[in-house]
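Participant: Sending over a structure as structure tokens; questions will come in a sec.
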Amino acid sequence: MDLNFTPDEIAFRDEVRAFLKDHLPADIREKMIEGHHPSKDDMVRWTRILNKKGWAVSHWPKEWGGTGWSPVKQYIFQEETMAAPAPQLLPFGVSMVGPVIYTFGNEAQKKRYLPAIANLDEWWCQGFSEPGAGSDLASLKTTAKREGDHYIVNGQKTWTTLAQYADWIFMLVRTDPAAKKQEGISFLLIDMKTPGITVRPIVTIDGGHEVNEVFFDDVRVPAENLVGQENKGWDYAKFLLGNERVGIARIGMTKERIRRVKQLAASERDGERRLIDDPRFREKLAWIEVELKALEMTQMRVLAAESKRERGKPDPASSILKIKGSELQQAIRELALDVAGPYAAPYREEVEHGWNEPPAGPDWASTIAPAYFNYRKVSIYGGSNEIQKNIIAKAVLGL
Amino acid sequence: MDLNFTPDEIAFRDEVRAFLKDHLPADIREKMIEGHHPSKDDMVRWTRILNKKGWAVSHWPKEWGGTGWSPVKQYIFQEETMAAPAPQLLPFGVSMVGPVIYTFGNEAQKKRYLPAIANLDEWWCQGFSEPGAGSDLASLKTTAKREGDHYIVNGQKTWTTLAQYADWIFMLVRTDPAAKKQEGISFLLIDMKTPGITVRPIVTIDGGHEVNEVFFDDVRVPAENLVGQENKGWDYAKFLLGNERVGIARIGMTKERIRRVKQLAASERDGERRLIDDPRFREKLAWIEVELKALEMTQMRVLAAESKRERGKPDPASSILKIKGSELQQAIRELALDVAGPYAAPYREEVEHGWNEPPAGPDWASTIAPAYFNYRKVSIYGGSNEIQKNIIAKAVLGL
Amino acid sequence: MDFELSEEQRMLKDSVDRLMADEYDFDQRKKHLKGPHGFSDGVWSQFAELGLLALPFSEADGGFGGGPIETMLVMESLGHGLSLEPYFASVVLCGGLLRHAGSPEQRAHWAPQIASGEKKFAFAHAERHSRYDIGHVETKAVAQDGGYVLNGEKSLVLNGDAADMLIVSARVSGGARDRDGIGLFIVDARAPGVTRRGYALQDDRRAAEITLHNVKVDAQHVLGAPGKAFDAIERTMGEAIVAACAEAVGCMDEMHKQTVEYLKTRKQFGVTIGSFQALQHRAVEMFVALEQARSITMYATMLAASDDAEERRRAISAAKAQVGRSIRFVGQQAIQLHGGVGMTHELKVGHYFKRATVIDMFGGDADYHLAKIADAGGLAS
Amino acid sequence: MDFELSEEQRMLKDSVDRLMADEYDFDQRKKHLKGPHGFSDGVWSQFAELGLLALPFSEADGGFGGGPIETMLVMESLGHGLSLEPYFASVVLCGGLLRHAGSPEQRAHWAPQIASGEKKFAFAHAERHSRYDIGHVETKAVAQDGGYVLNGEKSLVLNGDAADMLIVSARVSGGARDRDGIGLFIVDARAPGVTRRGYALQDDRRAAEITLHNVKVDAQHVLGAPGKAFDAIERTMGEAIVAACAEAVGCMDEMHKQTVEYLKTRKQFGVTIGSFQALQHRAVEMFVALEQARSITMYATMLAASDDAEERRRAISAAKAQVGRSIRFVGQQAIQLHGGVGMTHELKVGHYFKRATVIDMFGGDADYHLAKIADAGGLAS
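Below, the structure written as structure tokens:
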């Protein structure tokens with residue numbers, strides 16, 4: 054048992070750090086620190102910088118641009134980029150449809166799609182959730198009817214993150230309405246420019262536009278856009294959702310937010326006293342740090358065991374990472390709310406290319422309440438924390 | 054809306070206080086403050102003092118010794134006695150079987166039993182729970198078979214509080230094994246000296262002996278000891294359990310414990326510093342006080358609505374009193390554990406007539422950990438807090 | 035001890051409830067929000083017609099002599115409706131200052147103008163580093179020509195952009211946080227030297243940053259004895275905190291109701307999600323947190339006008355602490371139990387969550403008030 | 035980064051696990067408790083035979099050179115078994131003092147006697163008002179005839195009544211809480227002037243109050259440089275806290291297992307209570323609290339021997355804080371989910387609850403350690 058990284062791993066970490074220091078554009082980094090969302094252009098720029106270095110799709114097979122890094126190195130890379138802080142790569146291409154295509158797609162599909170994902174030449178979004186389905190994903194109703202060499206797609210998807218920028222969408226569609234729930238589902242790739250697709254924004258409580266509804270009205274999709282076999286889509290979806298767990302605790306990001314909150318509390322004054330000089334505040338922060346350190350160790354334990362497990366079959370204990378990870382992401386944003394105090398109240402509008410002037414108080418305060426509101430989502434999406442507890446109760450505790 | 058007591062209520066409160074000051078024996082009061090259990094003799098002495106004053110069974114009908122006090126006065130009386138602190142009257146007679154007898158019993162039973170309850174001439178215990186039943190009370194298995202003018206009782210009761218002192222036990226027994234669960238149950242009064250009854254102590258994790266198992270082996274009970282009608286016992290039990298809610302939050306007792314913890318924290322030193330000078334400790338205590346004050350108001354709201362409600366049909370919202378009341382009883386005892394710190398660890402044995410010398414540290418510390426352990430029970434008994442939440446979900450929220 | 039409302043109180047409550055029911059469904063509210071000041075002048079007129087704006091003033095001043103209980107009833111109802119009108123700023127805060135610091139002449143002059151809705155007021159008090167300390171005033175008031183000249187910056191002034199009149203706190207003597215030396219000044223919001231920058235808050239109400247540059251105040255517009263205004267500010271802020279607690283209770287009550295309703299109707303895996311025990315228990319825990327907040331708010335309401343300053347302060351801090359913690363729990367769980375749709379701007383529940391969160395940040399959060407109670411030696415008497 | 039045990043570590047763990055399985059079922063434990071010192075001399079001999087008592091000493095001193103990881107494995111296993119033997123007092127605490135403060139001669143002399151089980155040690159350190167401050171020493175050591183004379187009162191001395199030898203901390207100079215001026219002295223527990231009063235703890239282990247009246251100590255029994263012992267005490271107490279955390283993890287693991295097992299077998303309303311979702315989720319929350327405690331204990335274990343004192347201290351405080359909070363939650367919920375039977379002396383789960391609670395009170399509770407981390411500027415590097 055040894056907590057320390059090997060010399061090789063330390064050298065790797067230093068290499069990643071140095072790269073981030075030299076190549077993460079200052080304006081993007083600044084935006085991330087300030088708690089703003091990166092723009093589409095920011096995402097494209099950063100992905101291409103990484104792809105040029107060969108690090109954009111590090112966990113892919115080498116043939117398609119992967120690095121062959123060990124799970125530990127993957128972890129180090131992810132933590133360091135979150136801590137930088139750099140934007141997280143668009144997961145819909147890199148972590149979701151990419152692995153599905155290189156695992157279940159045909160050669161033509163691999164050649165057609167994978168390089169464009171790695172370089173963010175094509176922006177992907179995810180067409181899984183439907184209205185009213187929630188955590189019961191398999192209850193989906195969107196249909197794809199085969200007509201000659203096309204599928205005709207009708208239905209609606211929702212919670213489609215950043216669909217407003219998307220060139221492509223990967224979809225779960227029902228191809229056999231007679232089959233029972235999990236059967237009769239297929240996995241389709243659809244060009245967002247196809248006639249019959251309408252994207253409607255969903256504004257969230259923080260005032261942001263991250264998610265959308267996507268409507269499909271007799272959308273004609275070439276049959277060659279089917280991934281794998283017809284009616285086997287649920288298997289690919291499970292594979293994809295299993296992959297989604299990697300880094301789900303977002304420990305590096307929470308660490309970065311802790312540093313940020315410390316810095317803000319050191320800058321904000323209550324009369325003459327700095328907030329960070331309040332012992333109660335420091336103890337609350339210390340408790341978040343302790344829980345995060347414990348979770349980091351849990352993450353490492355899961356990671357260390359990962360190499361011995363079948364790919365695509367995640368450790369059910371990784372549900373802990375989702376539960377506690379999301380709680381801590383929320384806790385640090387709630388503590389930031391306490392730091393901003395009355396200055397959390399003013400609302401700052403997002404305008405075309407960035408933000409207008411902060412209406413009152415310190416510049417940094419305007420993103421605090423929106424982040425607090427927005428991060429309520431992390432215990433809801435990707436299987437709510439209640440669902441995660443059901444999973445652990447069943448799969449780990451045998452209840 | 055007016056929070057204040059009426060002048061009449063204030064005069065009453067002052068009268069109760071003055072009586073307690075003059076008549077609560079100093080040795081009993083001391084024992085209560087120190088966190089020891091009152092002995093059987095203490096209970097008898099105190100009940101008789103109250104009974105002499107006419108206050109032992111204040112909520113009973115006047116005919117049987119009641120006072121005719123309003124619900125508010127009943128509340129004041131209960132809070133003041135808890136705050137004194139005086140022992141709570143043995144509930145099994147005063148609050149449980151007494152009301153069942155004067156409501157459902159015949160005249161002979163009333164005359165036979167009620168005066169002896171009021172004066173604690175006869176000590177009662179409760180024979181409801183059975184092994185394995187837990188919160189599913191109606192699943193009881195103890196049988197009473199009619200033979201001539203007797204019932205023959207066989208079975209086992211458990212969690213029988215202070216049965217070691219009891220002269221009588223009131224029982225739920227199954228008189229019709231063919232009827233479904235809640236039907237076929239009768240309510241019997243049994244003399245503990247009847248042959249065939251065995252009491253076996255259950256030692257709890259605090260080392261105390263409060264509860265017992267009681268075994269019934271062909272116990273012959275005169276048929277006249279049946280209360281009300283045969284096979285209607287479940288109705289009487291529901292009536293009894295409804296009454297049990299009065300004062301269930303034990304706000305006066307928690308208030309008294311808060312005063313005690315403040316006093317201990319002011320006396321105990323960490324080096325040269327008193328524990329009460331630690332702001333974090335004081336803030337934790339303040340939070341308990343705030344929650345208790347809120348609960349006290351909730352209690353008063355329930356109480357104020359009480360007069361308009363049918364007797365024996367408690368406000369389902371009173372489940373809040375059980376949940377939060379038990380949480381606060383536990384919270385203040387957990388905070389006392391923090392005050393005692395390392396001196397919570399030594400174990401002090403209870404001996405025949407009191408306690409041996411404290412083994413280490415301050416005198417008061419030896420009851421702290423046992424109280425912490427013992428009070429875990431308050432969220433379990435009388436319908437666990439989980440059951441209470443089920444009740445509110447169904448009866449109040451309609452879920 | 036009596037928790038019943040009087041006949042008049044019940045009528046008051048019913049009238050505000052009806053106004054909210056009639057004028058504040060979700061679509062109407064969106065329309066009100068587009069008004070010139072982010073609220074509805076029409077609804078504001080109805081407030082006046084119903085006598086709500088006259089409520090706290092004495093009958094001698096043309097009011098109805100309502101006390102904290104009446105204010106509680108109105109505020110809870112406004113919380114239910116998520117009202118956008120500046121009742122809190124104009125009537126509760128500035129009405130309170132007028133009552134506690136104003137001379138009979140000032141009250142006779144201004145109370146009717148607040149009561150009629152003719153003049154809307156705002157309390158320009160907080161400053162950049164005052165945080166929750168109500169004695170923090172750096173804005174200067176210098177005596178000149180029998181009146182005063184004000185210079186300074188006021189921040190987070192609720193209703194500051196729509197107000198006709200401002201009540202400005204400014205220091206005539208002493209250091210930034212001295213209790214002594216604070217004065218209150220009535221200033222026309224359009225007076226020379228007053229610059230306002232208005233903005234929306236997270237909960238759709240509006241506030242302003244206000245700069246005072248050589249603003250002249252006549253002697254007759256000095257509210258109370260200059261330098262001795264702290265007590266009036268403290269009493270007013272105390273009453274306002276309790277009123278805000280009542281509004282939060284209204285918000286939480288709605289969040290809880292909407293969540294329970296959602297649990298009863300939303301189906302997943304073929305059953306209503308309200309059949310899942312873990313969610314049932316969560317809903318019960320929300321209910322407990324709500325009822326605890328409601329109870330302590332009643333407690334503080336009944337003590338808000340007490341002359342025992344110590345008792346009053348503790349009760350107010352107790353209320354804000356409990357309500358603050360309840361706000362966090364009830365709000366977060368309301369969103370959680372609604373799942374994805376709870377996160378959307380299109381559902382009302384998120385708007386209650388935001389209003390309650392802004393209230394949490396008004397007048398001190400739970401930690402702040404727990405520390406106050408702790409420093410005062412605790413709550414229990 | 036590697037969480038695998040070495041072959042030797044796995045053998046060590048298996049051997050202690052087996053010993054506990056063989057010797058420590060509930061009935062056997064009751065018997066051990068009736069031994070003359072409240073534990074089993076037979077099991078103690080087996081500890082010695084398995085080499086557990088020699089574990090932390092260097093090979094030069096006749097030990098096995100085990101480090102914090104080996105100690106963690108043993109302590110966690112002892113926690114599973116609820117062992118009554120004074121491993122913690124004799125080997126972890128006093129063995130640690132000997133390692134960190136002893137001269138080669140002293141180590142050569144005493145280590146084999148601890149390792150063989152021949153001599154049982156106890157650390158007489160805490161005093162009436164020391165609470166969690168390990169630098170609080172009022173007991174006096176006065177130089178005399180080339181040795182020292184000790185006078186003072188020691189409290190809560192784990193294994194104090196069964197110990198053959200005591201390591202006593204006493205002050206040669208300075209005030210009650212000065213870091214400088216503390217010495218360590220090896221004293222025969224039956225020496226003239228030593229009075230002991232033994233008693234049981236809530237968790238069935240034993241401790242003693244010890245009075246030292248003119249107790250003479252020869253120069254050769256002074257451990258390390260007199261007056262400079264604080265560092266050795268701090269390192270030892272740090273290692274001991276981590277070892278106690280590991281023991282608590284063993285206890286919590288058992289409480290969680292037994293609770294899940296109970297949920298699977300206990301029936302109510304015709305079904306196993308483990309089918310109720312609210313109880314399932316509670317069991318999961320216990321699992322999360324347990325795994326967090328396990329993880330942070332591993333973290334502190336791996337840093338317990340670090341030469342970076344700041345990093346070491348923070349890691350130890352982090353572990354004790356997380357483990358303390360997990361103890362409260364897991365313990366309380368284990369009892370709650372067992373219902374009435376969980377309250378009884380006859381079920382093992384309550385005994386784990388008590389042991390864990392006593393561990394919580396050793397070396398500082400969660401609040402104490404969080405304050406330490408906060409004062410050090412936080413945890414993150």
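Here the protein sequences come in this chain order: A, B, C and D. Here the numbering used here is used: the first residue of the first sequence is 54, the next is one more, and so on. Here the numbering used here is used: the first residue of the second sequence is 54, the next is one more, and so on. Here the numbering used here is used: the first residue of the third sequence is 35, the next is one more, and so on. Here the numbering used here is used: the first residue of the fourth sequence is 35, the next is one more, and so on. Just so you know, even glycine gets a beta-carbon here, dropped at the ideal spot from N, CA and C.
Here's the rule: buried if 16 or more other CB atoms are within 10 angstroms of the residue's CB, otherwise exposed. What is asparagine 248 of chain D?
Facilitator: Looking at its Cβ environment, which holds fewer than 16 other Cβ atoms inside 10 Å, asparagine 248 of chain D is exposed.
Participant: Closer than 8 Å, Cβ to Cβ, to anything on chain A: give me those residues from the region 387-403 of chain C, in chain order.
Facilitator: Within the region 387-403 of chain C, the residues whose Cβ lies closer than 8 Å to some Cβ of chain A are Phe387, Lys388, Thr391, Val392, Met395, Phe396, Asp399 and Asp401, listed in chain order.
Participant: Below 8 Å on the Cβ atoms is my contact criterion, and I expect arginine 165 of chain A with threonine 196 of chain A to pass it. Report the Cβ-Cβ distance as a whole number of Å.
Facilitator: Not confirmed; about 25 Å, so no contact.
Participant: Can you give, in chain order, each stretch of the beta strand (DSSP E) that sits fully within the region 86-126 of chain A and has at least 3 residues?
Facilitator: Listed in chain order, there is nothing to give.
Participant: So is arginine 328 of chain C buried or exposed if we call it buried at 16+ other beta carbons inside 10 Å?
Facilitator: Arginine 328 of chain C comes out buried.
Participant: List, in order along the chain, the chain C residues whose C-beta lies closer than 8 Å to that of isoleucine 421 of chain B?
Facilitator: Ordered by position in chain C, no residue passes the 8 Å Cβ test against isoleucine 421 of chain B, which lies about 20 Å from the chain.
Participant: Starting from leucine 218 of chain C and walking both ways along the beta strand (DSSP E), at which residues does that stretch end?
Facilitator: Unbroken beta strand (DSSP E) run through leucine 218 of chain C: 216-222.
Participant: Given 8 Å as the limit, is there contact between the region 324-332 of chain B and the region 325-345 of chain C, that is, 3 or more CB pairs closer than that?
Facilitator: The region 324-332 of chain B vs the region 325-345 of chain C: no contact.
Participant: State the Cα-Cα distance for the pair alanine 161 of chain B and valine 153 of chain B, rounded to the nearest angstrom.
Facilitator: C-alpha separation (whole angstroms): 14 Å.
Participant: Just to confirm my understanding: we take alanine 169 of chain A, look at its own chain, exclude 5 residues before and 5 after, and list those with CB closer than 6 Å. What are they?
Facilitator: Cβ within range, chain order: Glu175.
Participant: Along chain C, in chain order, which residues have C-beta atoms closer than 8 Å to that of glutamine 302 of chain D?
Facilitator: In chain order: nothing, as chain C lies at least about 13 Å away.
Participant: Tell whether a beta-carbon distance below 8 Å holds between glycine 151 of chain D and alanine 259 of chain D.
Facilitator: No, these two residues do not count as a Cβ contact at 8 Å.
Participant: Does glutamine 179 of chain B pass the burial test, meaning 16 or more other C-beta atoms within 10 Å, or should it be called exposed?
Facilitator: Burial call: buried.
Participant: Would you say methionine 306 of chain A lies against chain D (beta-carbon separation less than 8 Å)?
Facilitator: No - not a single Cβ of chain D is within 8 Å of the one on methionine 306 of chain A.
Participant: Let me know the secondary structure DSSP gives aspartate 271 of chain B once reduced to three states.
Facilitator: Strand at aspartate 271 of chain B.
Participant: Contact check, glutamine 292 of chain C vs valine 383 of chain C under 8 Å by CB: the rounded distance?
Facilitator: About 5 Å; that satisfies the 8 Å criterion.
Participant: Please state if the CB of lysine 346 of chain A and the CB of isoleucine 330 of chain D are separated by a distance shorter than 8 Å.
Facilitator: The answer is yes: Cβ separation under 8 Å.
Participant: If you measure beta-carbon to beta-carbon, which residues of the region 350-383 of chain C are closer than 8 Å to chain A?
Facilitator: Within the region 350-383 of chain C, the residues whose Cβ lies closer than 8 Å to some Cβ of chain A are Arg362, Gln366, Ile369, Gln370, Gly373, Gly374, Gly376, Met377, Thr378, His379 and Glu380, listed in chain order.
Participant: Let's test the definition: count the other Cβ atoms within 10 Å of the Cβ of alanine 71 of chain A and tell me whether it reaches 16, buried, or not, exposed.
Facilitator: Label assigned to alanine 71 of chain A: exposed.
Participant: Could you check the C-alpha separation between lysine 388 of chain D and tryptophan 212 of chain A for me, to the nearest Å?
Facilitator: Spanning the two alpha carbons is a distance of roughly 49 Å.
Participant: Just checking cysteine 178 of chain B against the ligand ADP - is the residue's beta carbon closer than 7 Å to any of the ligand's heavy atoms?
Facilitator: In the structure shown, the ligand ADP is absent, as is every other ligand, since no ligand is present at all.
Participant: Hey, is phenylalanine 321 of chain D's beta-carbon within less than 8 Å of any beta-carbon in chain F?
Facilitator: Any reference to chain F falls outside this structure, whose protein chains are A, B, C and D.
Participant: Which residues, in order along the region 252-268 of chain A, keep a beta-carbon less than 9 Å from a beta-carbon of chain C?
Facilitator: Listed by position along the chain: Ile255, Val256, Thr257, Ile258, Asp259, Gly260 and Val264.
Participant: Tell me, please, which residues DSSP counts as bridged to asparagine 185 of chain C.
Facilitator: Looking at the DSSP assignment, asparagine 185 of chain C forms a beta bridge with C:Lys174.
Participant: On the premise that serine 379 of chain B lies in contact with proline 431 of chain B, defined as a C-beta separation below 8 Å, what is that separation, rounded to the nearest angstrom?
Facilitator: Reading off the sequence shown, one finds valine at residue 431 of chain B, where the question assumed proline. Right, the Cβ-Cβ distance comes to about 4 Å (below 8 Å), so this counts as a contact.
Participant: From what residue to what residue does the beta strand (DSSP E) around isoleucine 222 of chain B run?
Facilitator: Note, isoleucine 222 of chain B: beta strand (DSSP E), 221-227.
Participant: Under 8 Å between C-beta atoms, does alanine 317 of chain D make it to chain C?
Facilitator: It does not: the Cβ of alanine 317 of chain D has no partner Cβ on chain C nearer than 8 Å.
Participant: Quick one: using the 10 Å Cβ neighbour count with 16 as the cut-off for buried, is methionine 45 of chain C buried or exposed?
Facilitator: Methionine 45 of chain C comes out exposed.
Participant: Does the beta carbon of tyrosine 400 of chain B sit closer than 8 Å to a beta carbon anywhere in chain D?
Facilitator: Output row for tyrosine 400 of chain B: interface = yes.
Participant: For proline 254 of chain A, does the three-state DSSP call read helix, strand or coil?
Facilitator: Proline 254 of chain A falls in the strand class under three-state DSSP.
Participant: Report the neighbours of alanine 312 of chain C on chain D: residues whose CB is nearer than 8 Å to its CB, in chain order.
Facilitator: Neighbours of alanine 312 of chain C on chain D, chain order: Gln311, Ala312, Gln314 and His315.
Participant: Any chance the region 199-208 of chain C sits against the region 153-169 of chain C, with 3 or more Cβ pairs inside 8 Å?
Facilitator: Counting Cβ pairs under 8 Å, three or more are found: they touch.
Participant: What are the residues that DSSP puts in a beta bridge with methionine 199 of chain D?
Facilitator: For methionine 199 of chain D, which the question treats as bridged, DSSP gives the partners D:Phe155 and D:Asp222.
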